[in-house]
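Working notes for the structure below.
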Amino acid sequence: MSVFGVDIGGSGIKGAPVDLGRGELAEERFKVLTPHPATPDAVAECVKQVVDHFGWTGPVGATFPGVVTHGMTRTAANVDKGWIDMDAAGLLSQKVGCAVTLLNDADAAGMAEMEYGAGRGRKGTVIVLTLGTGIGSAVFVDGGLLPNTELGHLELHGHDAEKKASTKAKDDEGLTWEHWAKRLDKYLAHVEMLFSPELFILGGGVSRKADKFLPLLTGVRAEIVPAALQNNAGIVGAGMAAAAVRS
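First residue of the sequence shown? That's 3 in the working numbering, and the numbers climb one at a time after it.
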């Protein structure tokens with residue numbers, strides 16, 4: 003079955019048709035830059051641009067970098083505050099011209115990793131962390147998702163953790179891999195102390211460079227692996243969500 007997924011991020015909005023039989027993109031993804039300010043109308047127009055690029059007319063799954071409940075966006079840490087308490091699924095559906103299923107971006111990436119990627123077949127507690135503009139999280143227990151956990155906003159040494167340990171923080175502060183890995187190590191140790199996972203899966207664009215920092219992470223007992231679907235996991239997970247509603 004082919005469905006369509008769109009991943010709305012703090013820096014880019016990307017999408018593609020998804021082949022759910024293989025858990026892969028059916029075509030090369032298309033990406034546009036996230037507008038600034040990332041207001042609902044401006045972002046919705048970008049989502050339409052991505053969908054229209056493929057001439058897609060069926061159901062669409064979309065991710066959002068914040069808490070999503072029943073199509074309503076409840077938080078907006080890395081986008082415009084106008085998203086808070088908005089019927090975002092309704093807005094996107096109206097703009098795109100077809101039904102849009104909306105979910106948290108890290109939850110989508112985690113679903114894809116658990117179904118097709120590094121978490122496939124894993125039981126116990128698995129935490130997927132997406133490292134990018136912020137830090138998204140998806141927590142699974144025996145394959146079941148606890149949605150909207152938002153562990154990137156845990157306080158760590160007096161700061162929002164994602165302000166110090168995201169890849170945006172690394173880039174903005176010009177941190178070396180070694181310096182950034184120390185921060186990430188402290189964050190992972192904090193999350194491990196709270197949840198005792200058996201496995202961390204680290205996703206986002208930086209997962210393509212896992213060899214640069216994974217060997218430097220020594221502060222946790224849990225197994226740590228890079229996301230197998232890398233930065234396409236959110237698109238695949240969005241497609242999964244659209245298919246679930248469709249069925």
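Yeah, the Cβ is synthetic: ideal placement off N, Cα and C, and Gly gets one too.
On a predicted model such as this, the values are computed, not experimentally measured, just so you know.
Tell me, please, which residues DSSP counts as bridged to His161.
Leu158
Pick out whichever of Val81, Leu94, Leu93 and Gly154 has its Cα sitting closest to the Cα of His38.
Of the residues Val81, Leu94, Leu93 and Gly154, the one whose Cα lies closest to the Cα of His38 is Val81.
Going by C-alpha to C-alpha distance, which of Gly99, Thr103, Val49 and Ala229 sits closest to Lys72?
Checking the displayed sequence, the identity of residue 72 turns out to be His instead of Lys. If we check each option's Cα against that of His72, Thr103 comes out closest.
Burial state of Val53 (16 or more Cβ within 10 Å):
buried
Using DSSP with H/G/I as helix, E/B as strand and the rest coil, what is Pro67?
coil
Backbone secondary structure at Asn150 - three-state DSSP:
coil
For the beta strand (DSSP E) that Gly73 lies in, which residues bound it at each end?
From DSSP, Gly73 is part of no beta strand (DSSP E); its letter is neither H nor E.
What are the complete alpha helix (DSSP H) segments, minimum 4 residues, inside the stretch 78-154?
90-98 and 107-118
Give the DSSP-derived three-state secondary structure of Val8 in the structure shown.
strand
Hey, would you say Gly138 sits closer than 8 Å to Ala108, going by beta carbons?
In contact: Gly138 and Ala108 (Cβ atoms closer than 8 Å).
Can you look up Glu180 in the DSSP assignment and give me helix, strand or coil?
Three-state DSSP puts Glu180 in a helix.
What first and last residue would you give for the alpha helix (DSSP H) that runs through Gly241?
Ala235 to Arg248
Let me check understanding here. Comparing Cα to Cα, which of Gly134, Leu196 and Lys184 lies closest to Val141?
Leu196
Beta-carbon separation of Ala230 and Glu115 under 8 Å?
yes
6 Å Cβ shell around Lys251 - same chain, five flanking residues per side excluded:
Residue 251 lies beyond the stretch modelled for the chain, which goes from 3 to 249, so this question has no answer here.
Alpha carbon to alpha carbon, how far is Glu194 from Leu148? Give it in angstroms, no decimals.
16 Å
State the DSSP-derived secondary structure class of Val222, mapped to helix, strand or coil.
coil
Which stretch, first to last residue, makes up the alpha helix (DSSP H) that contains Val53?
Per DSSP, Val53 belongs to the alpha helix (DSSP H) from Pro42 to His55.
Can you say whether Lys172 is buried or exposed, counting buried as having 16 or more other CB atoms within 10 angstroms of its CB?
buried
Once you ignore the five residues that flank Asp89 on each side, which residues in its own chain have a CB closer than 8 Å to its CB?
Gly73 and Met74
Counterpart residues of Asp21 in DSSP-defined beta bridges:
Ser4 and Glu26
Is the beta carbon of Ala245 sitting closer than 8 Å to the one on Val5?
Taking 8 Å as the Cβ cut-off, Ala245 and Val5 qualify as a contacting pair.
State the start and end residues of the unbroken alpha helix (DSSP H) segment that holds Lys33.
First-last for Lys33: Phe32 to Leu35, but that is the beta strand (DSSP E), not the alpha helix (DSSP H).
In the DSSP assignment, find the unbroken alpha helix (DSSP H) run with Ala171 in it and report its ends.
Thr169 to Glu175
Pull up the distance between the alpha-carbon of Ala191 and that of Val222, whole angstroms please.
5 Å
Bridge partner(s) assigned by DSSP for Leu201
Val128 and Glu225
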